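A quick write-up on the structure given underneath.
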Amino acid sequence: MAGNGGSSGDRETIVIIGAGIVGVASAYFTAKRLAESNRGGARVVLLEQCEPGCSASGKSGGFLARHWSDGTDTEQLAQFSYDLHQRLAAEHGGAEQWGYRPLNTFCAEIDRIPVMPAKQHKASHRRTEAEAMVTSIEVIAPRPVRSKPPAAADAAPATPAAPAAAAATDDAQQAGTHGSISVPDFSGVKEVPPETVPWLKSDLVNKLRQVGDTASTAQVDPLKLTRSLLAEAKARGVEYVRAKVIDVAEPRRCRLSPVEFAIDCKPAARGPASLPLPLPQPARGSAGPRAAATATATATAAAAAAAAALGGPPARKPYVVLLDQGDDIPADKIVVACGAWSTACLRWEAFREVAASQIPIQGLRAHYLLARPRTPIPAQAVFAEINGTVYSGEDAIEMYPRPDGSVFICGEALDDPEMPPHNPFEPVYSKRATARLKQIVNDVSSALSFDIIQYGLACHLPVHAKGIPVISRVPSSRGLFIAAGHGCWGILNGPATGLAVSELLLDGECTSLDLSNFRLDRWY
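The opening residue of the sequence shown carries number 1 in UniProt numbering; numbering runs sequentially from there.
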């Protein structure tokens, strides 16, 4: 087994569940800080049931904005993470590795064009999934908008709100709603000539405003970023294991015989005493996951006696992660970073103290296209709002030319949030929604005609009912953490979240950021 000193049973083991941008960044910074502090000894395992970045972290636009969260609870997080993106790109060649580059950003008001009717919100389309249902998104109203023109954008200091002040405004924030999750109010920003963005049809552009410049907005390719950081994490000793977690429990409640994973993700050799014991299956008509956990605890007594008879060692770690492969990983600390699937932890025995109301996270289905224009398009991100339609504010059509010559187009997040499919690879896109996107971009841009659009798909953005993420230790737990619910700003805020999680894991507190806005017990 590769690693720093000692057997895995003696070393502290940190398990991070989910290899999206948040989980990968958490693993990267944890391993990096372990190496830099010369502490060593700890083992970091990253689990993913599909592939790195297989959902929103690999299928989103990758737009970064330093000041678009100003006046909200995520202001400090966004500004800090924007700067961290710059540092990561400089350190690891981000321009070449994951397409990092600053860019100019515009908001275009388009005269009404014929658009086929958008799909209506229908409650009957929501999936029903145990106790984790959220029936609507209630987004926190921002404090008074302080939109600034691009030239003045970087003058704003990053000043976190004091915990007391944040607590005092909680009630007021809960009472309001914010009409736009992703795009602030830029109505006061000075207009620029339509010809400034030459790849839009200027005769359709009613108003064009530059809402970001190369000092305040940038972009990445999210999939390349996620996988590049994973490669860096693995180079620092992180073990990546592809497996599905079926439970997290205390050793007294689950089967014994943990398996050791080597760096190549193959089970290490074990003696007869380490043969995996089968999980008990819940009886037909049982109460589900909780009943299964109870059945597991009952069966464990016999398993423990059998292990003792064979001379097996007693479990020494507070948690055991049970995998679908039939193997276990004993752990000291566990991070749930599963994006739209994070509520799965509500079914795990060790998370029994977490209420569904504390992590009201669901998947907001958003569609996207990838186009390959015949002529190069400059580094100009465009948010297209179409007069007389639903495509405005948070539902604006977003277009991001990338350094590789492609253009990423996203929108059509018009459904209510829902429980995403159990399998992230399960097709979720609507042919009608992608057809609308194709029609719109064909109508507003001569460079994005039907014939150069390669494909259209969808993913689930992990949205929290309050519009802000959870980055928190589970209160009263010995070492359980949750980092999820970043919505459309997951790529922007992923690196800072990962750094914050690494500080919680290794230092017991976060000193780089004020996480009081993101604690698990803030609202409930």
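Cβ atoms here follow ideal geometry from the backbone N, Cα and C, with glycine treated the same way. Keep in mind it's a predicted model, so treat the numbers as computed, not measured.
message = Can you look up K266 in the DSSP assignment and give me helix, strand or coil?
response = Reliability fails at K266, whose pLDDT of 38 lies under 50, so the model's placement of it is uncertain and the value that follows must be treated cautiously. Three-state DSSP puts K266 in coil, outside helix and strand.
message = Judging by CA-CA distance, which residue of P403, E91, V382 and D395 is the nearest neighbour of P376?
response = P403
request  = For L369, collect the residues of the same chain with a Cβ closer than 6 Å to its Cβ; drop the 5 residues on either side in sequence, then sort them by chain order.
outcome  = I409, L437, I453 and G456
key: Terminal residues of the alpha helix (DSSP H) in which Y82 lies   = E75 to H92
query = P314: buried (16+ other C-beta within 10 angstroms of its C-beta) or exposed?
reply = Residue placement at P314 cannot be trusted, given a pLDDT of 46 that sits under 50; what the coordinates show is reported in the next sentence. It counts as exposed.
request  = Could you check the C-alpha separation between L505 and A42 for me, to the nearest Å?
outcome  = 11 Å
ask   = Any idea which residues DSSP pairs K333 with across the strands?
value = I14
inquiry  = For M419 and H464, I'd like the C-alpha separation in whole angstroms.
reply    = 12 Å
ask   = What is the rounded straight-line gap between the Cα of S342 and the Cα of A249?
value = 16 Å
message = Looking only at its chain, what residues have a beta carbon closer than 7 Å to the beta carbon of A89, apart from the 5 residues adjacent to it on each side?
response = A95 and Y100
First through last residue of the alpha helix (DSSP H) which encompasses E109 = Segment N104 to I110 is the beta strand (DSSP E) holding E109; no alpha helix (DSSP H) there.
Alpha-carbon spacing of E349 relative to N423, whole angstroms = Answer to the nearest angstrom: the Cα atoms are 21 Å apart.
message = Between the alpha carbons of S449 and P194, how many angstroms are there, rounded?
response = 19 Å
query = Rounded to a whole number of angstroms, what is the C-alpha to C-alpha distance between W523 and I246?
reply = Taking the straight line joining both Cα atoms gives about 28 Å.
query = Cα-Cα, which of P222, S430, G326 and T30 is closest to A500?
reply = T30
ask   = Does DSSP put D324 in a helix, in a strand, or in coil?
value = If DSSP states are grouped into helix, strand and coil, D324 belongs with coil.
inquiry  = Need the endpoints of the beta strand (DSSP E) that F29 sits in, please.
reply    = It is not in any beta strand (DSSP E) - F29 instead sits in the alpha helix (DSSP H) that spans I21 to S37.
query = Thinking just about the alpha-carbon of each residue, which of G498, A381 and V197 is nearest to the one in T214?
reply = A381
task = With residue 525 as the anchor, note down where its beta strand (DSSP E) starts and where it stops.
result = With the chain covering only 1 through 524, there is no way to say anything about residue 525.
Contiguous beta strand (DSSP E) assignments of at least 3 residues, all confined to the region 373-425 = 380-386, 397-401 and 407-411
task = Tell whether a beta-carbon distance below 8 Å holds between G363 and L520.
result = Inclusion of G363 and L520 in the CB contact set at 8 Å is not warranted, their separation being larger than that value.
inquiry  = Spatial neighbours of A235 within its chain, please: C-beta separation below 8 Å, excluding the five flanking residues on both sides.
reply    = none
ask   = According to the Cβ coordinates, are V211 and C107 closer than 8 Å?
value = Yes; because the gap between Cβ atoms is below 8 Å, this pair is in contact.
ask   = Straight-line CA distance for P421 to V428?
value = 8 Å
inquiry  = With a threshold of 6 Å on Cβ separation, who are the neighbours of P102 within its own chain once the five nearest residues in sequence on each side are excluded?
reply    = T214 and A218
Bridge partners - V463, DSSP secondary structure assignment = In the DSSP output, where bridge partners are listed per residue, V463 has Q362 and H486.
Identified DSSP bridge partners for D247 = L322
Which residues DSSP lists as bridging G456, in chain order = Under DSSP, the beta-bridge partners assigned to G456 are L369.
Assigned secondary structure, L225 (DSSP; H/G/I helix, E/B strand, else coil) = helix
request  = Under the assumption that I14 contacts G23 (Cβ atoms under 8 Å), give the Cβ distance between them as a whole number of angstroms.
outcome  = Incorrect: roughly 12 Å between the Cβ atoms, too far for contact.
ask   = Could you give the distance in angstroms between the alpha-carbon of C510 and the alpha-carbon of V407?
value = 37 Å
message = Within 10 Å of its beta-carbon, does W38 have 16 or more other beta-carbons around it, so buried, or fewer, so exposed?
response = Checking the sequence, you will find Asn at residue 38 rather than Trp. Exposed.
key: With 16 other Cβ atoms within 10 Å as the buried cut-off, status of P475   = exposed
query = Looking at R365 and A413, is the spacing between their C-beta atoms short of 8 Å?
reply = yes
inquiry  = Give me, in chain order, the residues of the same chain whose beta-carbon lies closer than 8 Å to that of F425; leave out the 5 immediate sequence neighbours on both sides.
reply    = C50 and C54
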